[in-house]
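Residue numbering for the sequence shown follows the working numbering, beginning at 4 and increasing consecutively.
Backbone N, C-alpha and C fix where the C-beta goes; we use that ideal spot for every residue, glycine too.
These figures come from a predicted structure and were not determined experimentally.
Input: a single structure, listed below in structure tokens.
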Amino acid sequence: MIVFDKLWVTMKEKGISTYVLRERCGIDSKTIRRLKANENIETKTLNKICEALDCSLQDIAEYKK
Numbered sequence: 004m005i006v007f008d009k010l011w012v013t014m015k016e017k018g019i020s021t022y023v024l025r026e027r028c029g030i031d032s033k034t035i036r037r038l039k040a041n042e043n044i045e046t047k048t049l050n051k052i053c054e055a056l057d058c059s060l061q062d063i064a065e066y067k068k
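Right, here's the structure in full:
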């Protein structure tokens, strides 16, 4: 299972709110809800998040059994 727990830590470290992330990435509140619920996210969305946060995929997601 892919989880996005690291995303919230990275956002906190960088002082980025979900509102700012939505504005920078052009994503909607449903996508934020999906991230919080660890549901499926398109890779292009993950790419936008990494660009907006200036981080790598490992900083926002991880695989857990």
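For Ile5, DSSP records a beta bridge to Tyr66. Secondary structure note for Ala55: its alpha helix (DSSP H) is the uninterrupted segment Thr46 to Leu56. Residue range Ser32 to Lys39 is occupied by the alpha helix (DSSP H) that includes Ser32. The beta-carbon separation of Arg27 and Ile35, rounded to 12 Å, does not stay under the 8 Å limit for a contact. For Leu24, the enclosing alpha helix (DSSP H) has its first and last residue at Thr21 to Cys28.
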